[in-house]
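Colleague: Have a look at this one before I ask anything.
Structural data, given as structure tokens:
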């Protein structure tokens, strides 16, 4: 891992720890959408850096993930898949959050670029993530990404 | 046999099938399904039925006004756009049926993952489309409403 990646990983981990501590004392009905969108960004960073510890804190134990390839995965399978995946650039755009009490729905568009079997690929998908305020902090309980037709 | 009796028999048979499917799903899981999960499971069947019948009034009742809907082609639809699509664009749909469902209850939030298929006529030809879906429901003002729905083509 490069020095830049290590520094970014440390910053992401510190930010996650700080936000987790703060969240436990805050009102769930406050700026829940803003907090969850910040966690979405952390999720992207952690996935890019393959920071399994950070991802474990973001995913609920009962997390279900329907990925852009149509694979239905548990938390453990998603973490294993993240570790096994080749280098991938993830760009997330146009996210939005809708708050429903202790639940927040985040939608957005993501663009993936990477190598698969040595061949470059680029894919785009629209995602829907469901976050839940549980045991004092926000966790993602479900994620779905539908491939976008061009 | 009168049409009325046939209708009653058909309704009874449909209820029996739906009940059996619900019980089988719970039995497969090995544990009794929570009331929340059972209610949402029943609503998913109602949704499929209402969509096939283009029953906008029924759909409106269990879809939240702030629904986010990601169609199987990746397009984003609001509640109004989704209801318009159902009312206008699906003239050839013959059947919409849920093949399987897993219901995950988190208190007043429920996540459903499943597979459904749609049969219909398109340009004079019969088609069958199978899709995965992931829906999120919330308990609001005394009833369950869908707050997010997404689908994708099932990989063959």
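Residue numbers (the working numbering), protein chains in the order written: chain H, 4 to 153; chain S, 4 to 159. Every residue gets a Cβ at the ideal spot worked out from N, C-alpha and C, and that includes glycine. All values derive from a computational prediction rather than experimental measurement.
1) With DSSP as the reference, label residue 54 of chain S as helix, strand or coil.
2) What is the DSSP secondary structure of residue 101 of chain S, reduced to helix, strand or coil?
3) Can you grab the Cα-Cα spacing for the pair residue 82 of chain H / residue 62 of chain H, in whole Å?
4) First and last residue of the beta strand (DSSP E) that includes residue 71 of chain H?
5) List the residues of chain S whose Cβ lies closer than 7 Å to the Cβ of residue 150 of chain H, in chain order.
6) Could one say the Cβ of residue 109 of chain S lies closer than 9 Å to chain H's Cβ atoms, at least one of them?
7) Which stretch, first to last residue, makes up the alpha helix (DSSP H) that contains residue 117 of chain H?
8) Name the DSSP beta bridge partners of residue 127 of chain H, please?
9) In chain S, which residues lie with their C-beta within 9 Å of the C-beta of residue 113 of chain H?
10) Distance, Cα to Cα, residue 139 of chain S vs residue 113 of chain S?
11) Output needed in chain order: residues of the region 58-88 of chain H with a Cβ under 9 Å from some Cβ in chain S.
12) What are the complete beta strand (DSSP E) segments, minimum 3 residues, inside the region 111-144 of chain S?
Modeller: In short:
1) Residue state, collapsed to three classes: helix.
2) If DSSP states are grouped into helix, strand and coil, residue 101 of chain S belongs with the strands.
3) Here the C-alpha atom of residue 82 of chain H lies approximately 9 Å from the C-alpha atom of residue 62 of chain H.
4) Where residue 71 of chain H is concerned, there is no enclosing beta strand (DSSP E), given that its DSSP letter is neither H nor E.
5) Neighbours of residue 150 of chain H in chain S, taken as residues whose beta carbon is under 7 Å from its own, are 77 and 155 in chain order.
6) Contact with chain H is found for residue 109 of chain S, since one of that chain's Cβ atoms lies less than 9 Å from the residue's Cβ.
7) First-last for residue 117 of chain H: 106-119, but that is the beta strand (DSSP E), not the alpha helix (DSSP H).
8) Its beta-bridge partners are H:114.
9) Contact annotation for residue 113 of chain H against chain S: no contact, minimum CB-CB distance about 11 Å [criterion: below 9 Å].
10) Distance between the alpha carbons of residue 139 of chain S and residue 113 of chain S is about 6 Å.
11) Those would be 63, 65, 67, 69, 71, 72, 73, 74 and 75, in chain order.
12) Fully enclosed beta strand (DSSP E) runs of 3 or longer: 112-125 and 128-143.
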